[in-house]
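*Asks:*
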Amino acid sequence: MRTVKLRSSKRLLSGHLWVFSNEVSGSLKGFKRGELVEVVDRGGGFLGIGYVNPDSLIAVRLLSRRKVSIDVEFFRRRLSDAVAYRKMVSTDEDSCRVVFSDSDLLPGLIVDRFGGVVVVQILTAGMDGLKELVFKAIEDVLSPEVVVLKNDSPFRELEGLKKETCVLKGELKGPVIIKENGYSFEIDILGGQKTGFFLDQRENRIAFSRLVKGGVGLDLFSYVGAWGVQLASKAERVICVDSSKKAVNLVKNNASLNNLSDRVEAICDDVFDFLDREREEKNKYDFIVVDPPAFVKSKASLKRAISGYRALNANAMLVLKKGGLLASSSCSHHISPEGFLDILRYAAKVTNRYVRVIEFRSQAKDHPFLLGMPETRYLKCAIMQVI
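Here is the structure:
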């Protein structure tokens, strides 16, 4: 195993798992993408074992601070630790995120479980080179009926990897249906977004649904209707809006699954255009969910994304009744929690609204964040009342 020497080891010693290219002493030319390396400090002191990518801004991702073999037993231990943590914090759900990349000390690996179906995402060249060990450990620890490889993330292209989606084990027979908070949801694992369902908002959906008591509301960027269907059982009607026809059909299916078709309306439309029309027609709602995809893909797009978040939340506030409830989220890790609150403050100011925050929440407990890695704390969810 070759060695990568650092000119600065402060980041790793603070609990981070990434080494940036400007922290490396010397050139990485000649290293293979994904190659396992020992990381040492300026004096040659051992810092850990990781994998290198000489073509990436993130030059090394750390797998272990100890001198261990990166073999199937290593992955069994990591996976078993991750499962034990989920058992400690889990509710009575049949689905959860089992491995959350860096937060489970497995950078570049995502594992979600939906009943007997396990969905795997491999995001980096280093983890891709170790995938056979990963699959063996998943088989040994999780004993899944079906394993799906969902490698469709744009991050793979940055690592020089191709996109691919395939079933590695078993067979997907018809739609996969999961339970959340007593509600049933049909999800599209092969063709849907990410791994098929946004598990990270589970606890936020439950918290918001406890506040809704009647009225008519909106679920914006609704995807499969995970917010809207649950809220419909507490309300007179929920209008779910998404630009994807496939997502709109899933909303309708999920409303039907839960005997709520008479309370859920699914509309295929651009959310910004929809809100503009609602403002023009002076329609008002009792509650609104704003749960958009990440507007910020890089720091370069941050300014434009902030403008988008401001406009979206301002328009949502303008179509809320006095006393109405708003759950607004951002999953862009480039926007800090305080930065997101600044966006909401701006929206309240330009709409001349007083807005009080009932709760300011983050991702579900099966998506923990590391204190030493701010990047792992990505989801912000503000539950508010416009007064």
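For the sequence shown, our numbering gives the first residue as 49, with consecutive numbering after it. Even for Gly, the Cβ is constructed at its ideal location relative to N, Cα and C. Computed from a predicted model, the values in this text were never measured in an experiment.
#1: What residue does the beta strand (DSSP E) around S143 start on, and which one ends it?
#2: By how many angstroms is the C-alpha of E423 removed from the C-alpha of W66?
#3: With 16 other CB atoms within 10 Å as the buried threshold, where does N307 fall?
#4: Note down the Cα distance separating V194 from S143, rounded to an integer number of angstroms.
#5: Can you tell me which of L268, S309, S270, S304 puts its alpha carbon nearest to the alpha carbon of E284?
#6: To the nearest angstrom, how far is the alpha carbon of K369 from that of G420?
#7: Can you tell me whether DSSP reads Y231 as helix, strand or coil?
#8: Within the same chain, show all residues whose beta-carbon is closer than 7 Å to that of S128, passing over the 5 residues directly before and after it, in chain order.
#9: Just to confirm the assignment: which complete alpha helix (DSSP H) runs, minimum length 4, are found wholly within the region 61-143?
#10: How far does the beta strand (DSSP E) with I335 in it extend, from its first residue to its last?
#11: Helix, strand or coil, according to DSSP, for T399 in the structure here?
#12: Here's the rule: buried if 16 or more other CB atoms are within 10 angstroms of the residue's CB, otherwise exposed. What is S405?
#13: According to DSSP, which residues form a beta bridge with L181?
#14: Using CA coordinates, which residue listed in R50, V52, A412 is at the minimum distance from L247?
#15: Would you give the residue range spanned by the beta strand (DSSP E) that E313 belongs to?
#16: Which two residues bound the contiguous alpha helix (DSSP H) that contains Q411?
#17: Just to confirm before moving on: does the CB-CB distance between D236 and F269 stay below 8 Å?
#18: Please classify D321 as buried or exposed, where buried requires at least 16 neighbouring CB atoms within 10 angstroms.
#19: Secondary structure at I435, three-state DSSP: helix, strand or coil?
#20: Reducing DSSP to helix, strand and coil, say where F256 ends up.
#21: So if DSSP puts G265 in a beta bridge, which residue, or which two residues, is it bridged to?
#22: Compare the beta carbon distance of V168 and L197 with 8 Å and say whether it is the shorter of the two.
#23: Do A395 and A348 have their beta-carbon atoms positioned less than 8 Å apart in this structure?
#24: Quick one: Cα of L111 to Cα of G82, how far?
#25: Please work out which residues of its chain come closer than 6 Å, Cβ to Cβ, to R358, disregarding the five sequence neighbours upstream and downstream, and give them in chain order.
#26: From the DSSP output, in three-state form, read off K210 for me.
*Replies:* In this structure, then:
#1: Here residue 143 refers to the residue found at position 95 of the sequence shown. Where S143 is concerned, the enclosing beta strand (DSSP E) stretches over 143-148.
#2: Reading the sequence shown from its first residue, position 18 is the one you call residue 66. Reading the sequence shown from its first residue, position 375 is the one you call residue 423. Their Cα atoms are separated by approximately 11 Å.
#3: Within the sequence shown, numbered from 1, the residue matching residue 307 stands at position 259. N307 should be labelled exposed.
#4: The residue you call residue 194 lines up with position 146 of the sequence shown. The residue you call residue 143 lines up with position 95 of the sequence shown. Distance between the alpha carbons of V194 and S143 is about 14 Å.
#5: Position 236 of the sequence shown holds residue 284. E284 has its Cα closest to that of S309, out of L268, S309, S270, S304.
#6: As a working mapping, residue 369 is identified with position 321 in the sequence shown. As a working mapping, residue 420 is identified with position 372 in the sequence shown. When rounded, the distance between both Cα atoms is 41 Å.
#7: Position 183 of the sequence shown, counted from the first residue, corresponds to residue 231. Residue state, collapsed to three classes: strand.
#8: For the purposes of this step, residue 128 is taken as residue 80 along the sequence shown, with counting starting at 1. Counting only Cβ-Cβ distances below 7 Å, and skipping sequence neighbours, we find V189.
#9: 120-137
#10: Here residue 335 corresponds to residue number 287 of the sequence shown, with the count starting at 1. One detail in the question is off: residue 335 reads as Phe in this sequence, not Ile. F335 -> beta strand (DSSP E) spans 333-338.
#11: Position 351 of the sequence shown, counting from 1, holds the residue named residue 399. Coil, per DSSP.
#12: In the sequence shown, the residue the question calls residue 405 occupies position 357. This sequence places Val at residue 405; Ser is not what is there. The residue is exposed, with fewer than 16 neighbouring Cβ atoms inside 10 Å.
#13: Locating residue 181 in the sequence shown gives position 133, where the first residue counts as 1. For L181, which the question treats as bridged, DSSP gives no partner whatsoever.
#14: Numbered from 1 along the sequence shown, position 199 holds the residue referred to as residue 247. Of the listed residues, the one whose Cα sits closest to L247 is A412.
#15: As a first step, residue 313 is located in the sequence shown; it is residue number 265 there, counting from the start. Looking at the DSSP string, the run of the beta strand (DSSP E) that includes E313 is 312-316.
#16: The residue you call residue 411 lines up with position 363 of the sequence shown. From DSSP, Q411 is part of no alpha helix (DSSP H); its letter is neither H nor E.
#17: Position 188 of the sequence shown, counting from 1, holds the residue named residue 236. Position 221 of the sequence shown, counting from 1, holds the residue named residue 269. For D236 and F269, no; Cβs fall outside 8 Å.
#18: As a working mapping, residue 321 is identified with position 273 in the sequence shown. By the neighbour-count rule (16 or more Cβ atoms within 10 Å), D321 is not buried but exposed.
#19: Taking the sequence shown and counting its residues from 1, the one referred to as residue 435 is at position 387. The answer is coil: DSSP assigns I435 none of H, G, I, E or B.
#20: As a working mapping, residue 256 is identified with position 208 in the sequence shown. In this structure, F256 counts as helix in the three-state DSSP scheme.
#21: One-based indexing of the sequence shown puts residue 265 at position 217. DSSP lists V286, F335 as partners of G265.
#22: Along the sequence shown, read from residue 1 onward, the residue named residue 168 stands at position 120. Along the sequence shown, read from residue 1 onward, the residue named residue 197 stands at position 149. A contact, by the Cβ cut-off of 8 Å.
#23: Mapped onto the sequence shown, residue 348 falls at position 300. Mapped onto the sequence shown, residue 395 falls at position 347. Not closer than 8 Å, so no.
#24: Sequence index remark: in the sequence shown, residue 111 carries index 63 (1-based). Sequence index remark: in the sequence shown, residue 82 carries index 34 (1-based). Roughly 12 Å separates the two Cα atoms.
#25: Counted from its first residue, the sequence shown places residue 358 at position 310. Here the set comprises I391, Y394, A395.
#26: Numbered from its first residue, the sequence shown carries residue 210 at position 162. Coil.
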